[in-house]
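All remarks here apply to the structure that follows.
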Amino acid sequence: ENIQLGYLKNMLGVRKQTPSLAVYGETGRFPLHVRQKVRLINYWSKIINLSDNKILKKCLNVQKQMFKDRNRNNWLGKVYHILNECSAECDMDNSEILNSVQISKIVKLKLYDMEQSKLIDSINDSSQQPKLRTYKLFKTDCRLEPYLTLKLDRKLSTKIARFRTSSHSLRIETGRHQRPIVPAPERICEKCTLDLVEDEIHCLIVCPSNSIQRNSLFLTVSKFIENFQTLDDISKFTTIMECRQPELLSELGKFLKHADV
């Protein structure tokens, strides 16, 4: 799992300290234990449909008897645990008549749905994930984000990834690394005189130091979002971060490069 996370963080260009939840969310990946469970059920599905004279089927029947008699922690016990977890319970005495292939498909979908719900719930839990206080505003599902599939300059896609996952150099993040730690309300923007916290919304929507590049970005957004200029600051921010238009994503990358975040 550490190898997978290290690879994904390197691909995104974010810091090692970037929350794993955000890395999974941006890339549409899940922890490897989910894939392990899917393969376990697929293998069970394959064996259960073998004829009784096959060695693997005989081994499965031995596992079944052991499970029933005394050992609920064997390999087949893990299979039944996953099936029950996914509300796909089966009668192990009659499992040979089940459509195990169909069950494995249902379990696969259920496992990924459960993991996605768990991931999104964790992202929304600000008490446990304070770094994702902004990410939760626009992240509602786990999928590969469009900016990662475009032929953007590597520097631009990295800027977008870092900005989205709070792996940037804005004061809202750098303040937590100072000693003593600067309280969040005191992490004031040093690039303007508005005396406001330098967070993602301030940088993208408010800070006067970025006004020239912001005008270009807002003109592009207005092509795709009707009445964009009438939205409040938070709505403008979430609208931009949720948009999948290639032209807008390119402009967002240029804005962030200019803002040097």
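Just so you know, we're using the numbering used here here: the sequence shown kicks off at 166 and counts up by one. Glycine included, every Cβ here is placed at the ideal spot set by N, Cα and C.
- Spatial neighbours of S387 in its own chain (CB-CB distance under 6 Å, excluding positions within 5 residues in sequence) are listed in chain order as F393.
- Considered as a whole, the stretch 377 to 410 harbours 398 to 407 as its complete alpha helix (DSSP H) runs of no fewer than 4 residues, in chain order.
- I213 carries a helical assignment under DSSP once its states are collapsed to helix, strand and coil.
- With fewer than 16 other beta carbons inside 10 angstroms of its own, E351 counts as exposed.
- Within the DSSP bridge table, the entry for L205 names no partner.
- Per DSSP, reduced to three states, the secondary structure at I346 is coil, with no helix or strand assignment.
- For A187, the uninterrupted alpha helix (DSSP H) run begins and ends at S185 to T192, by DSSP.
- In the DSSP assignment, V362 is bridged to I353.
- The beta-bridge partner set that DSSP reports for L417 is empty.
- Per DSSP, reduced to three states, the secondary structure at L335 is coil, with no helix or strand assignment.
- Pairing S216 with S269 gives a Cβ-Cβ distance that is not under 7 Å.
- The stretch 279 to 328 contains, as complete alpha helix (DSSP H) runs of 4+ residues, the segments 300 to 303 (chain order).
- Remark: C-beta atoms of I370 and K324 do not approach each other more closely than 7 Å.
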